[in-house]
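A quick write-up on the structure given underneath.
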Amino acid sequence: MILQALVAYYNKLAARGEISKSGWAKAKISWAIELGDDGSVLGILPLKVESPDGKKQIPREILLPAPVKKTSGERSNFLWENAEYLLGVQTKEDGGKTAKRFVTAKELHDSLLADVHTPVAEAIKAYFAACDPAAIASMLPDGCMDELRKGANLTFLYQNRFPGEFPELCAAWDAHYGGEKIGEPFVDVVTGEVVVPEATHPSIKNVQDAQPSGAALVSFNAEAFESFGRKQNLNAPMGKETAFAYTSALNSLTGDKDHRQHIGDMTVVYFAEDAEPVYQDVMDLCFAGSDDRVTDAELHSILQNIAAGKQTDFAGKTLSPDDRFYLLGISPNASRLSVRCFRQSSFGDVISRIKQHYDDIAIVTDNRSKWVDIPLWALLRETVNPNANDKTPAPQMAGDTLRAVLTGGRYPETLYRQTLLRIRAEHDITRGKAAIVKGYLLRNTKHRKDYTYIKEASTMALNETSNYTPYVLGRLFSTLEAVQSAANPGINTTIKDKYFNSACATPAAVFPILLKLANSHLKKLGGGLAVNYSKQIGELTARLETAFPKTLSLEEQGAFILGYYHQTQKRFEKKNTTEMTEEN
């Protein structure tokens, strides 16, 4: 279904002229070889343009013949290449193949243009016939050689026009690309048509951490993966047009920085069956949060309507919840790509699942988080050591979490356990960590006998009526910490730094000590504030229906953490309200 969806997406874009036709692709070109009528080199011209952010110069994207798949041996692209093929100039220490590569390019151009006798074709053939690499090397502009050594591509420029602007050159390439195929016919696994299959398929580029030259989505490179004596991609036979279509569609998605996400080691792309980008725009907001295009309230309204099966307007377009929608997560694996996640459903169903995820993790803010709904990437970042150089979350965990979001299933155990580890190590319960704990408890503990109590503790804000022991203990710990801080203004280290982990795991061993300390702090504090705190402590201990538990399970520790977080944020909320009242 992945390939069928990509081919259908390509066909939609092609019908609207929004993607390269079969056999053509946008190539990244840094330099142009300007040719005279006799094939002489008039100059090597820079083609780089300013990047969208204005910070650097980047290669210009020019529509040219699609690149060939380079596996072994020497193969040249038509009308564009790197310096060794197009200039015959050595750019690597091992220059033994340079001359051979130039000859390969010459033979290709001579062959494809043999029957083309227009001025531009004659100029290109004359260039290859008389090219002097040494002379060209001497006329390279400053800095050009450094870029060529890094693999920068060149193309031809004739009378201020690029090759793709000459119909006769385009016709020569189209005839070659769509020419007679040699080989045994098979049924195309995507289209069902009888075709001569492609042994290798074009590479997929712009995948995070994959090889810059690209990686293969469909690939068979060992006998263990092959059947019936078929080699390479003959095991999944596809015609040239099909292979070009699915790879072009995927490359257009991975190359679209505005409509892709990086989650862990995954590159995640998504698209609607009708190829309308407005659906991708909404999905961007689901992943990254609101931006200048829409407010939080407007985004919530849009998601609410779509999840409820209602059509809604966005950016001048009408979104239909019934439209088919696809989401694909891919990760690099050497020179190949692995599919980590694939989801196909109605747009309404996808949005409904995402909205449910946000509802499950919704929790009162700690005034440090800038999002109303915490984006998935930021949520996963909570599992990583903030002092680590690599802030990438565990790949398997990231993929499993995305799958849980899209299916409404259980969150991975690793997400919860890693969050608990970070809390124990950092003694800092951020909103993101509390959100993970809340979401996990709501989805993953339904099998427990005490789920009713866990659910009443897993609320967005403080539940003052809950008698669930772990939750009450978390609230009590927060109150005892507040007493200590009030009695010792400006204190840098509180009971949280010394006792939180043990209080969370083994309450019976710690809380008697903490209550004794609290009595000392209350005596030091004195006055009405001490009376108020004593009352709070008494109310919380009265909610404990049993003695302090000797141990708490991991799930109960989560309820403890939520109790602590809720009580702490309630205290800060009251403090902020009091300060605002005093200011007014």
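Residue numbers for the sequence shown, in this note's numbering: 60 to 643. Glycine is no exception: its CB is placed at the ideal position from the N, C-alpha and C atoms. Source: prediction; values computed, not measured.
Kindly list the residues whose CB is nearer than 7 Å to the CB of residue i, restricted to its own chain and excluding five residues on each side of it in sequence; keep chain order.
i: Asn643; result: In this prediction, Asn643 has a pLDDT of 40, which is less than 50 and means its spatial position is unreliable; what the coordinates show is noted afterwards. Here the set comprises nothing.
i: Glu441; result: Thr478, Arg481, Thr489, Gly491, Lys492 and Ile495
i: Ser561; result: Ala568 and Val569
i: Pro434; result: Phe346, Ala347 and Gly348
i: Glu638; result: For Glu638, the pLDDT reaches just 48, beneath the cut-off of 50, and the residue's location in the model is therefore unreliable, leaving the point undetermined.
i: Thr259; result: Lys128, Thr130, Gln291 and Asn292
i: Glu615; result: Pro529
Is the separation between the beta-carbon of residue i and that of residue j shorter than 7 Å?
i: Asp97; j: Ala185; result: yes
i: Leu62; j: Tyr305; result: yes
i: Phe619; j: Gly498; result: no
i: Lys557; j: His486; result: no
i: Tyr217; j: Ala194; result: no
i: Ser428; j: Arg490; result: yes
i: Pro380; j: Phe406; result: yes
i: Ser537; j: Tyr623; result: yes
i: Leu539; j: Leu599; result: no
i: Pro192; j: Val248; result: no
i: Pro452; j: Val443; result: yes
i: Thr163; j: Leu207; result: no
i: Arg602; j: Asn522; result: no
i: Asp382; j: Ala334; result: no
i: Leu146; j: Leu309; result: no
i: Ala125; j: Ala74; result: no
Using the C-alpha atoms, what's the distance from residue j back to residue i?
i: Ser135; j: Leu167; result: 7 Å
i: Ala189; j: Arg399; result: 51 Å
i: Arg630; j: Glu109; result: 51 Å
i: Leu94; j: Pro222; result: 11 Å
i: Val337; j: Leu378; result: 8 Å
i: Arg462; j: Glu472; result: 13 Å
i: His580; j: Asp419; result: 38 Å
i: Val255; j: Gln291; result: 14 Å
i: Leu387; j: Thr313; result: 10 Å
i: Asp201; j: Asp169; result: 31 Å
i: Asp315; j: Arg352; result: 18 Å
i: Met204; j: Lys159; result: 20 Å
i: Ala417; j: Lys508; result: In the sequence as displayed, the identity of residue 417 is Tyr instead of Ala. Roughly 25 Å between the two C-alpha positions.
i: Asn294; j: Met325; result: 26 Å
i: Ser81; j: Lys128; result: 15 Å
i: Thr605; j: Thr528; result: 8 Å
i: Thr466; j: Ala366; result: 14 Å
i: Val590; j: Ile596; result: 10 Å
i: Ala374; j: Pro548; result: 52 Å
i: Leu106; j: Ile117; result: 9 Å
i: Tyr69; j: Val100; result: 38 Å
i: Ala230; j: Phe187; result: 20 Å
i: Ala196; j: Asp174; result: 31 Å
i: Tyr475; j: Glu515; result: 19 Å
i: Lys414; j: Val464; result: 9 Å
i: Gly238; j: Met456; result: 47 Å
In the DSSP assignment, what residue or residues form a beta bridge with residue i?
i: Leu387; result: Val328 and Phe401
i: Tyr217; result: Leu94 and Arg220
i: Asn212; result: Asn141
i: Gly102; result: Glu93
i: His321; result: Thr326
i: Pro124; result: Trp83
i: Arg119; result: Ile88
i: Ile263; result: Ala274
i: Arg395; result: Ala275 and Asn392
Hey, residue i and residue j are a contact pair by Cβ (cut 8 Å); roughly how many whole angstroms apart?
i: Leu479; j: Ser311; result: Leu479 to Ser311, Cβ: 41 Å. No contact.
i: Leu138; j: Thr214; result: 6 Å
i: Gly323; j: Trp430; result: Their Cβ separation, rounded to whole angstroms, is 19 Å, which puts Gly323 and Trp430 out of contact at 8 Å.
i: Ile422; j: Met519; result: 6 Å
i: Thr565; j: Lys609; result: 6 Å
i: Tyr343; j: His318; result: Checking the displayed sequence, the identity of residue 343 turns out to be Asp instead of Tyr. At roughly 6 Å, the Cβ-Cβ gap stays under 8 Å, so Asp343 and His318 are in contact.
Within its chain, find whatever has a CB closer than 8 Å to the CB of residue i; leave out the 5 residues flanking it on each side and keep chain order.
i: Leu396; result: Ile263, Val266, Ala269, Ala274, Ala275, Leu276, Ile389 and Ser390
i: His321; result: Gln267, Val327 and Trp436
i: Pro271; result: Lys264
Spatial neighbours of residue i within its chain, please: C-beta separation below 6 Å, excluding the five flanking residues on both sides.
i: Ala211; result: Ser89
i: Lys583; result: Ala546
i: Phe401; result: Ile61 and Leu387
i: Phe225; result: Val179
i: Ser278; result: Arg395
i: Thr511; result: none
i: Arg483; result: Asn560
Should residue i be counted as a contact of the ligand FMN given a C-beta to heavy atom distance under 6 Å?
i: Ala86; result: What this structure holds is no ligand at all, so the ligand FMN is not there to describe.
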